[in-house]
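Here the structure comes first, spelled out in structure tokens, and everything after it is commentary.
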Amino acid sequence: MKKVLIMLGIALGLIQTTQAQVSCDMMNLIVNVSDTGLVKLYHPGHYLTWPPAENIISWEVTDAQGNIIAEDTLIDDSGFLFNHNTPLTDTMNVTAILTNDSAGVACLIEDELFWEVTEVIPDVFIGRWEFVYGNVGVDVTNTVGVEELTPTAIMDNKTYDLLGRGITNPVTGVMYIRNNKKYIRVE
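Adding 367 to a residue's 1-based position in the sequence shown gives its number in our numbering.
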């Protein structure tokens, strides 16, 4: 019995335990604080992905035309604070990608901020920046590159006239095509 307990202790000591990770589709961005010219965003992935010291969140905020309003890369931090001068009638596009190489995680969240006005009591309004869609994350851990395909040239060594009809013996002084190149037969 003693040997079994010792072996069990050694086995448990050698087994690497890992923290459970929350999947990307359970994370979305949150507006923590906002004012007309200031927004603080929160990414829950920093808290939900272990080890948190390895979490890298790359933030990018753009206007509707794609111009960068704010961008930053944060390590071991969940909040992104930025100032802006975007009109309250416009929207801002937010992209955040959380990567953690130790946990094998890459989670992309994209959403849009708009200025939401709420009537708290009759004729009293407050406004704040909020997310339009409340999008959840997409796992981009195993995204592969896309290679551009180029069509292969047809090299059949056949001769064609300019209308694409096959010919066997080109006439002198007339243009013809062979292997995608134009020729004129001269004698």
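All C-beta atoms, glycine included, are put in the ideal place defined by N, C-alpha and C.
What separation, rounded to the nearest whole angstrom, lies between the Cα atoms of residue i and residue j?
{"i": "Ser401", "j": "Glu497", "result": "8 Å"}
{"i": "Thr458", "j": "Val398", "result": "14 Å"}
{"i": "Ser469", "j": "Glu438", "result": "24 Å"}
{"i": "Trp482", "j": "Pro489", "result": "20 Å"}
{"i": "His451", "j": "Asp430", "result": "10 Å"}
{"i": "Thr462", "j": "Thr517", "result": "32 Å"}
{"i": "Arg495", "j": "Leu415", "result": "26 Å"}
According to DSSP, is residue i helix, strand or coil?
{"i": "Gly504", "result": "coil"}
{"i": "Asp523", "result": "coil"}
{"i": "Gly533", "result": "strand"}
{"i": "Leu415", "result": "helix"}
{"i": "Asp392", "result": "helix"}
{"i": "Glu421", "result": "helix"}
{"i": "Asp528", "result": "coil"}
{"i": "Arg552", "result": "coil"}
{"i": "Leu405", "result": "strand"}
Leaving out five residues before and five after residue i in sequence, what residues of the same chain have Cβ atoms less than 7 Å from its Cβ?
{"i": "Asp443", "result": "Pro419, Ala420 and Asn422"}
{"i": "Ile435", "result": "Glu427 and Thr429"}
Beta-carbon within less than 6 Å of residue i's beta-carbon, same chain only, minus the 5 sequence neighbours each way: which residues are those?
{"i": "Gly540", "result": "none"}
{"i": "His425", "result": "In the sequence on display, residue 425 carries Ser and not His. Taken in chain order, the residues that qualify are Thr440 and Ile464."}
{"i": "Leu448", "result": "Lys407"}
{"i": "Thr485", "result": "Ile493"}
{"i": "Tyr500", "result": "Asp478"}
Assuming residue i and residue j form a contact by the criterion Cβ under 8 Å, report the distance between their Cβ atoms to the nearest whole angstrom.
{"i": "Lys525", "j": "Gly533", "result": "6 Å"}
Counting only runs of 3+ residues fully inside the region 430 to 502, write out the beta strand (DSSP E) ranges in chain order. 435 to 442, 446 to 450, 459 to 467, 472 to 488 and 491 to 498
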